[in-house]
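The listed protein sequences derive, respectively, from chains S, V and Z. So the mapping is simple: the working numbering equals the position in the first sequence, first residue as 1, plus 409. So the mapping is simple: the working numbering equals the position in the second sequence, first residue as 1, plus 144. So the mapping is simple: the working numbering equals the position in the third sequence, first residue as 1, plus 1. Virtual Cβ for every residue (Gly too), placed ideally from N, Cα, C. Here the structure comes first, spelled out in structure tokens, and everything after it is commentary.
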Amino acid sequence: MNPALTGFIFLLLIATAVSACLMKDILSSVIALSVFGVLLSIVFSILQAPDVALTQAVINSGMITSIFLVAYSQTMKVRSGEDNTRVIKTYYPFRTDEMVILFICIGLGFFLWKGIVPMGFSSLSGDAANHYINFAGVETGASNIVAAVLFDYRGFDTLGEIAVIFTTVTGISILFEGSRYHRSSSGLSFIVRRSMAFVIPLIILYASSIVLMGHLSPGGGFQGGTVLATASICFCVVYGSSFEAARIHPWIKETLESTGCLFFAGLGLIGLCTGAGFLANGAAGFPLGTQGTFISGGSIPLLNMAVGMKVGAGLSSLFYSMVKILEAPFEGIPGEVE
Amino acid sequence: MTPVLVILIPLTGAFLLPLLQFLSRKIIVLVVCLAGGLSFLGNIWGACSGWLRPTVHLAGGWPAHIGIALIHDPLSSPFLLLAALGFGSVLICSFDRTEKFSWRFHVLLFLSWAAVNGILSTGDLFNLYVFYEIFSVSAYLLVAFSTMEWQAIEAGFKYLVFGTVGAMFFLFGTTYLFLFTGYLNMARISEALMSEPGLPVFIPAACFFIALSIKTGAFPSHFWLPDAHSSAKSLVSALLSGVLVMVSIYVFIRLFSVVFIVLKPLVFPLMLGTGSLSLLTGHLMALRQDDIKRLLAYSTVAHLGYILIGLGCASAAGFNAAIYHAFNHMAAKMGLFLTAGILASHAGTRKISELSGLGWDLPFVSILFVLFTAVLVGVPPLNGFMSKWYITLACVERNQAIPALLIILGTVISSGYYLRIIRRLFSGKGTQGTSKDRGATWYVVTLMGVLCILLSLLPLFPVFTDTLHILGNWIMDISMYKDLVMIP
Amino acid sequence: MTMSSMSFAAAIIIFCTGFFTLLTGRNLFRMVIGISLMEGALLLFIITVGYVPGGVPPLLPLKGLPVNPLPHAFTLTTIVIGASHIALALAFVVRIHSSYKTLDVEKIRGLRE
Numbered sequence: 410m411n412p413a414l415t416g417f418i419f420l421l422l423i424a425t426a427v428s429a430c431l432m433k434d435i436l437s438s439v440i441a442l443s444v445f446g447v448l449l450s451i452v453f454s455i456l457q458a459p460d461v462a463l464t465q466a467v468i469n470s471g472m473i474t475s476i477f478l479v480a481y482s483q484t485m486k487v488r489s490g491e492d493n494t495r496v497i498k499t500y501y502p503f504r505t506d507e508m509v510i511l512f513i514c515i516g517l518g519f520f521l522w523k524g525i526v527p528m529g530f531s532s533l534s535g536d537a538a539n540h541y542i543n544f545a546g547v548e549t550g551a552s553n554i555v556a557a558v559l560f561d562y563r564g565f566d567t568l569g570e571i572a573v574i575f576t577t578v579t580g581i582s583i584l585f586e587g588s589r590y591h592r593s594s595s596g597l598s599f600i601v602r603r604s605m606a607f608v609i610p611l612i613i614l615y616a617s618s619i620v621l622m623g624h625l626s627p628g629g630g631f632q633g634g635t636v637l638a639t640a641s642i643c644f645c646v647v648y649g650s651s652f653e654a655a656r657i658h659p660w661i662k663e664t665l666e667s668t669g670c671l672f673f674a675g676l677g678l679i680g681l682c683t684g685a686g687f688l689a690n691g692a693a694g695f696p697l698g699t700q701g702t703f704i705s706g707g708s709i710p711l712l713n714m715a716v717g718m719k720v721g722a723g724l725s726s727l728f729y730s731m732v733k734i735l736e737a738p739f740e741g742i743p744g745e746v747e
Numbered sequence: 145m146t147p148v149l150v151i152l153i154p155l156t157g158a159f160l161l162p163l164l165q166f167l168s169r170k171i172i173v174l175v176v177c178l179a180g181g182l183s184f185l186g187n188i189w190g191a192c193s194g195w196l197r198p199t200v201h202l203a204g205g206w207p208a209h210i211g212i213a214l215i216h217d218p219l220s221s222p223f224l225l226l227a228a229l230g231f232g233s234v235l236i237c238s239f240d241r242t243e244k245f246s247w248r249f250h251v252l253l254f255l256s257w258a259a260v261n262g263i264l265s266t267g268d269l270f271n272l273y274v275f276y277e278i279f280s281v282s283a284y285l286l287v288a289f290s291t292m293e294w295q296a297i298e299a300g301f302k303y304l305v306f307g308t309v310g311a312m313f314f315l316f317g318t319t320y321l322f323l324f325t326g327y328l329n330m331a332r333i334s335e336a337l338m339s340e341p342g343l344p345v346f347i348p349a350a351c352f353f354i355a356l357s358i359k360t361g362a363f364p365s366h367f368w369l370p371d372a373h374s375s376a377k378s379l380v381s382a383l384l385s386g387v388l389v390m391v392s393i394y395v396f397i398r399l400f401s402v403v404f405i406v407l408k409p410l411v412f413p414l415m416l417g418t419g420s421l422s423l424l425t426g427h428l429m430a431l432r433q434d435d436i437k438r439l440l441a442y443s444t445v446a447h448l449g450y451i452l453i454g455l456g457c458a459s460a461a462g463f464n465a466a467i468y469h470a471f472n473h474m475a476a477k478m479g480l481f482l483t484a485g486i487l488a489s490h491a492g493t494r495k496i497s498e499l500s501g502l503g504w505d506l507p508f509v510s511i512l513f514v515l516f517t518a519v520l521v522g523v524p525p526l527n528g529f530m531s532k533w534y535i536t537l538a539c540v541e542r543n544q545a546i547p548a549l550l551i552i553l554g555t556v557i558s559s560g561y562y563l564r565i566i567r568r569l570f571s572g573k574g575t576q577g578t579s580k581d582r583g584a585t586w587y588v589v590t591l592m593g594v595l596c597i598l599l600s601l602l603p604l605f606p607v608f609t610d611t612l613h614i615l616g617n618w619i620m621d622i623s624m625y626k627d628l629v630m631i632p
Numbered sequence: 002m003t004m005s006s007m008s009f010a011a012a013i014i015i016f017c018t019g020f021f022t023l024l025t026g027r028n029l030f031r032m033v034i035g036i037s038l039m040e041g042a043l044l045l046f047i048i049t050v051g052y053v054p055g056g057v058p059p060l061l062p063l064k065g066l067p068v069n070p071l072p073h074a075f076t077l078t079t080i081v082i083g084a085s086h087i088a089l090a091l092a093f094v095v096r097i098h099s100s101y102k103t104l105d106v107e108k109i110r111g112l113r114e
């Protein structure tokens, strides 16, 4: 790519990040953060990482921005006084303690830079990477090397990752226990509602294709599952928050999530039982198929489906937990500060 | 096979519980007990097999440099045992009649257990990061579990912010090591770093040190610890102070003795300094506290200081003493938090000044409280004294006079604040009346007392000193670890 | 200025910006925005470590010299874990707000230090 163009994109990235830091209004900062996320995803595709670009766009720019906006709208209901204007205005644009912190951050930056300079910005491939590039197709049957690394060679990490999402979703359910849904304003207009009825099936089809073709092209369970969760968020935005809650009970999503996790662990146990090691693929007897066709990759498509089910149900119930109105009273609301 | 099962059993238990949420309470309790019992047995088995014959399990069947290797070796077995005892006791306490039974609490407990076992079993740096994150997220949520109290939520948020910053530094360190060597397996990285001398290894070492001291709660970043450990329920505080901080100590030992062995002269003195400062801060801040649980939390910071001083001596004796102290601290601190919880709920307040006379109301609990404080202060025949003595000996062996003096100073200061509580407990007349219900917590507290006495008797047996020697030698000599992992 | 050096520089600058936002934010949301910026910078850093100049994406059949696929795998995991942290932090912020009715860090008792 043209170096000037890439330099410009990096500058834009830094500018968005700095503006997310310096803007006074929280909503503007959140939107700047979202733009930062999209630009970062573009930078990832420039750096030849399509899988990561897709995941970044869907999860960080899509899901996290919507959760930010939900949290912002939940806290906008009651505000006491001004929150984010600086009380003390000195001559300098920053207060003194902020200058100190600025110097600390610049120092941190220099310190981190020193670790990279001696390597001369060259990349060291290493044995592991060469092995993956040369043998992933043959040993796992998948065309997407990153999916092979994620679900076969380092599948144990992926088990940990789904446990992190599981913990987060459980935790958010705990934090918002004892609240109920509020019939929000009636959603959006009639035209939007009618058109969503055409678009939603296509979104679900797109999500399914991302999940099922994860071993052939960039994509996989995490990305597809998040797009599925996005479809359920569309329901909330377009039709009002009690629409989906009335039709799909929260415990259905919890059951789907647990089933996805247990399915993943179960597929791993098959490998353990045949003596090949936990989460083994070809060695455990999964048929590897012909590389490049739909039926290939051994256990990788199955693991993708388990993860997609789990992530979709989990993130959807996370969103719906946060949309509830907090009604339970709390004991010991603090009065004045000591 | 064992290393995987140790992680998989509690994880499957956690995944299974939401499927059972609409069944009757008896079935859920049965499943929890079954999963807990199996996990406990799994940990004990893992500890024994790791000690007698170190095992490696290659996940997916791929060799260590391509896939993920799970290892049980003599370093992880004492910690596995510690986790089994700690989590087992907390599980029994969670069935106490005074606690409202919530299956989600058990989901978090099992996830935390699986994460701890994962950290103790893994040989891969990024896998360590992932399990460390499961461990941290479940810890934040356990702290915030009593959601009706604003203190707990605030403490949970503060812990989350600190913990996330620590996680990011951890990942920076991992990425730097990957940039330098191209591997993520700890044994391979260690070998690659030893064979290439020109790399700036102190930068990832500094990143890891910052990350681990934030996550452990050592001196400059201990600010989250008193809030989190005091605002949580007593049960959770006992788990956090007793077991979960020790897991971070394990990561300290594993990382700095295996991976960064090239940097020995730089890193271990830094650990000594951090340990000394944590000791001072912990004890001095504890003197000023009126809230009993906050005092105990600052005391945890101080004892972390003792353990870090032990590690910082960088000798077999130092490592042994630190691990022995970790066991003693677990037994005594869990006992203290649980008894403090019983006393505080009986009196209705956590302020020490209002606990007068409780010693006469609840004599059994108070006697145990006195026993546990004696262990932590270091009264001679008890195990606390033995482990502090070993640490001081290790310091003196290395000509580190200042930490040894600080240990003695710390003993004096801690006796000051503990005696204040005991005097308050036994002053005046009993006013509240005795309580007749003996919940499950009382059994666990008794168990902890018995454990302390057993640990005190251990140094009398020569088997114990031999065990400590084997442990120390394994930690100091990493070629055995590397041969185990890098099977050609 | 090669692509790698620009990318590393950008990642470190954004990380420090995020850290600055975290430390000086007066509003709880600003702290979470700071954490989010730090996570994004870390992802960029990891991907740049694996970048090979003139490389192609690691998809078979390869059309040239592929970039290192291992950082891509652990970046995916990091994105998911980072998103979990932020979602949890936001849930905490909403709960704290419902107790205190304010988001100002100075007015919230325990976060004073």
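query	result
CB contact check: arginine 603 of chain S to chain V, cutoff 8 Å	no
Environment of tyrosine 500 of chain S [buried if 16+ CB atoms lie within 10 Å]	Confidence is the limiting factor: at tyrosine 500 of chain S the pLDDT is only 41, short of 50, which leaves the residue's position unreliable, though a coordinate-based value still follows. Counting Cβ neighbours within 10 Å, tyrosine 500 of chain S comes out exposed, since fewer than 16 surround it.
Segment contact, 8 Å Cβ cut-off, at least three pairs: the region 486-506 of chain V with the region 539-555 of chain V	no
Chain Z contact residues for threonine 308 of chain V, given Cβ-Cβ distances below 7 Å	Ile36 and His86
C-beta neighbour in chain S for methionine 39 of chain Z, strict 8 Å	no
Beta-carbon proximity check, isoleucine 554 of chain S vs proline 59 of chain Z, cutoff 8 Å	yes
Rounded distance between the beta-carbons of isoleucine 212 of chain V and serine 265 of chain V, thought under 8 Å	About 10 Å; that fails the 8 Å criterion.
Within-8 Å CB hit, proline 348 of chain V to chain Z	no
Expected contact under 8 Å - CB spacing of leucine 155 of chain V and alanine 674 of chain S to nearest Å	7 Å
Alpha carbon of isoleucine 263 of chain V to alpha carbon of leucine 384 of chain V, nearest angstrom	16 Å
Where the beta strand (DSSP E) through threonine 199 of chain V begins and ends	199-203
Length-filtered (4 minimum) alpha helix (DSSP H) runs lying within the region 390-435 of chain V	408-431
Residue(s) in a DSSP beta bridge with glycine 698 of chain S	S/Ser705
Which of helix, strand or coil DSSP assigns to threonine 266 of chain V	strand
Residue environment, lysine 377 of chain V, which counts as buried when at least 16 other CB atoms sit within 10 Å	buried
Cβ neighbour criterion (16 or more within 10 Å) applied to threonine 702 of chain S	exposed
is_contact[leucine 60 of chain Z, chain V] using C-beta, thresh 8 Å	no
Cut-off 6 Å between Cβ atoms - residues of its own chain near phenylalanine 570 of chain V, not counting five sequence neighbours on either side	Gly503
Under the three-state DSSP convention, the category asparagine 469 of chain S falls into	helix
Assigned exposure category for isoleucine 552 of chain V - 16 Cβ within 10 Å defines buried	exposed
Cβ separation of aspartate 536 of chain S and histidine 209 of chain V, assumed to be a contact under 8 Å, to the nearest whole Å	6 Å
Sheet register partners of histidine 216 of chain V (DSSP bridge)	V/Thr199
Identity of the residue in V/Arg438, V/Trp368 and V/Ala349 nearest leucine 407 of chain V by Cα	V/Ala349
Assigned secondary structure, asparagine 329 of chain V (DSSP; H/G/I helix, E/B strand, else coil)	strand
Sequence ranges, alpha helix (DSSP H) only - wholly within the region 580-657 of chain S, length at least 4	599-621, 630-648 and 650-656
Cutoff 8 Å: leucine 414 of chain S Cβ touching any chain Z Cβ	no
Contact set for isoleucine 436 of chain V: own chain, Cβ-Cβ below 8 Å, skip 5 residues either direction	Ala484, Leu487, Ala488, Arg494, Lys495, Ile496, Leu499 and Ile565
Contact list for methionine 4 of chain Z against chain S, beta-carbon separation under 7 Å	Thr415
Residues that DSSP places opposite valine 57 of chain Z in a beta bridge	Z/Pro67
Check whether leucine 512 of chain V and glycine 593 of chain V have beta carbons under 8 Å apart	yes
8 Å Cβ cutoff, leucine 71 of chain Z in contact with chain S	yes
Proximity test, Cβ basis, 8 Å: proline 527 of chain S and chain V	yes
Members of the region 717-734 of chain S that neighbour chain Z once the beta carbon cut-off is set at 7 Å	Leu727 and Met731
Selected residue, minimal CA-CA separation from proline 412 of chain S, among S/Leu456, S/Glu570, S/Ile613 and S/Met622	S/Leu456
Aspartate 434 of chain S (DSSP reduced to helix, strand or coil)	coil
Residues sharing a beta bridge with asparagine 527 of chain V, DSSP	BP columns for asparagine 527 of chain V are empty, so no partner.
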